[in-house]
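For reference, the structure is listed below as structure tokens.
Number of protein chains: 2
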Amino acid sequence: MAKAPGAKGSATREHILATATAMFGESGYRGASLRDIAVRAGITHPGVLYHFPTKESLLLEVLRRRDALDGDAVASAVGLAELERHVEIARRNAERRGIIELFATLSAEATSPDHPAHAYFSERYERVVAGIRRAYQQLAEAGGLRDGIEPDDAARQWVALMDGLQIQWLLDPARTDMARVLEHHLNAQVTR
Amino acid sequence: MAKAPGAKGSATREHILATATAMFGESGYRGASLRDIAVRAGITHPGVLYHFPTKESLLLEVLRRRDALDGDAVASAVGLAELERHVEIARRNAERRGIIELFATLSAEATSPDHPAHAYFSERYERVVAGIRRAYQQLAEAGGLRDGIEPDDAARQWVALMDGLQIQWLLDPARTDMARVLEHHLNAQVTR
DNA sequence: CCTACCGATCGGTAGG
DNA sequence: CCTACCGATCGGTAGG
Chain B
11 MAKAPGAKGS ATREHILATA TAMFGESGYR GASLRDIAVR AGITHPGVLY
61 HFPTKESLLL EVLRRRDALD GDAVASAVGL AELERHVEIA RRNAERRGII
111 ELFATLSAEA TSPDHPAHAY FSERYERVVA GIRRAYQQLA EAGGLRDGIE
161 PDDAARQWVA LMDGLQIQWL LDPARTDMAR VLEHHLNAQV TR
Chain L
11 MAKAPGAKGS ATREHILATA TAMFGESGYR GASLRDIAVR AGITHPGVLY
61 HFPTKESLLL EVLRRRDALD GDAVASAVGL AELERHVEIA RRNAERRGII
111 ELFATLSAEA TSPDHPAHAY FSERYERVVA GIRRAYQQLA EAGGLRDGIE
161 PDDAARQWVA LMDGLQIQWL LDPARTDMAR VLEHHLNAQV TR
């Protein structure tokens, strides 16, 4: 089989994706040019467009790839374990500034209805909130949730907390322990 | 007295500031061009640069003005009342999409160390967190805080919650009641 | 405050 | 995957 440009296996293609992930994170979608990405990937900017037809398609592929890689947006555990899984993701992501920059920068930029990733982030939020809500409901049914905590509010709180902590961490990593704050929040909601 | 261009009283200047606030909010700093702002303000883009020497100076003036207008970033009350003041600000801001867009979009964009508003947001965060921390400490000393809640974590949580809720609200205003979620969060921390 | 203009940079295309 | 190029747009300046 000859190497097809559309094939997922191209090493250059993977390299472009990794570079674009870092640069969209550092500068946002608007702030990172195809030439910036190309130079850091060691090719020319039409070279990038040989692998991805438009800048927008490159962004969407970067986002699609991220979700696939760590299953960030898919609820895969049950009740308390699902929430603890998110704490673990936060702890792990604190080692990879690029990933946090990508989602913090783009989720704010993409609140504009005409942003190329607007639909992606709208759907992602709905999915993530629904997954967390389910976890809280399961926790409540198992009698593990303190009185007066509604799963719907708690889910939105949890997601808001994760997003807001990312901004604080980017501004001041040394003094922001994302996983710790999330854990304390969870401990205050759960019955011992 | 002849009208001086530097005078704060120019109606055109005020009009440019209001327009720029809306457009930086909708599109971010990078996404809103001086020509966009000028057209919507009814002048030409060199006209904008007559009132503000650079695009960056316009942004900083927009931010400075916002803080001055509602004292958003300055702790002015004591203990519980200070936290309730922030709930009120959230309730009020839900009527002004432009303001929320401005801060949500820019605070993420400005996590880049080379962003023109980076220093502004770094200092603002420190100031806001310090104010909230003080309020929690006062609440704790008055015996109004539940056991196991540390003022420092609680302050970072509170600010993260406000930021994260703004993103959710921008993506889905109908289903995100910022003030309500903040109130529930506060009620769960305070002793009755 | 406008007209006219500048050099730089953008995403994308032609053609190989 | 590159060279060479396109039209559009950017922030900012000159000169009035």
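Protein chains in written order, with my numbering: chain B, 11 to 202; chain L, 11 to 202.
For glycine and all other residues, C-beta sits at the position ideal for the given N, C-alpha and C.
Measuring only the C-alpha atoms, how far is residue i from residue j?
| i | j | result |
| --- | --- | --- |
| B:M11 | L:H195 | Residue placement at B:M11 cannot be trusted, given a pLDDT of 41 that sits under 50; what the coordinates show is reported in the next sentence. If you take the alpha carbons of B:M11 and L:H195, they lie about 59 Å apart. |
| L:H61 | L:G52 | 14 Å |
| B:R102 | L:L59 | 46 Å |
| B:V88 | B:D163 | 18 Å |
| L:A120 | L:R190 | 28 Å |
| B:R45 | B:T29 | 12 Å |
| B:P123 | L:E151 | 46 Å |
| B:I225 | L:S132 | Residue 225 of chain B lies beyond the stretch modelled for chain B, which goes from 11 to 202, so this question has no answer here. |
| L:L112 | B:E92 | 33 Å |
| L:Q199 | L:G57 | 52 Å |
| L:H125 | B:Q147 | 42 Å |
| B:H128 | L:G141 | 34 Å |
| B:E105 | B:Q178 | 15 Å |
| B:L192 | B:S20 | 39 Å |
Who are residue i's beta bridge partners in DSSP?
| i | result |
| --- | --- |
| L:V200 | L:L155 |
Where does residue i land, buried or exposed, given buried means 16+ other C-beta within 10 angstroms?
| i | result |
| --- | --- |
| L:N197 | exposed |
| B:A170 | buried |
| B:T9 | Any property of residue 9 of chain B remains undetermined from this structure, which presents chain B solely from 11 to 202. |
| L:R143 | buried |
| B:S43 | exposed |
| L:R166 | buried |
| B:L79 | exposed |
| L:S67 | exposed |
| B:A145 | buried |
| L:A14 | Residue confidence for L:A14 is low, a pLDDT of 46 falling below 50, so the modelled location carries little weight and cannot support an answer. |
| B:S117 | buried |
Give a yes or no on whether 8 Å exceeds the smallest Cβ distance from residue i to chain B.
| i | result |
| --- | --- |
| L:L73 | no |
| L:I142 | no |
| L:R40 | yes |
| L:R166 | yes |
| L:S43 | no |
| L:A114 | yes |
| L:Q147 | no |
| L:A12 | Confidence in L:A12 is poor, its pLDDT being 39 and thus under 50, which makes the residue's placement unreliable; the coordinate value appears in the next sentence. Not an interface residue. |
| L:E98 | no |
| L:V138 | no |
When the cut-off is 8 Å and only beta carbons count, does residue i lie next to chain L?
| i | result |
| --- | --- |
| B:E105 | no |
| B:A170 | yes |
| B:E119 | yes |
| B:F131 | yes |
- prompt: Is it true that the stretch 155–167 of chain B meets the stretch 182–193 of chain B, where meeting means three or more beta-carbon pairs spaced less than 8 Å apart?
  reply: no
field: the stretch 32–43 of chain L touching the stretch 127–142 of chain B, judged by at least three CB pairs closer than 8 Å
entry: no
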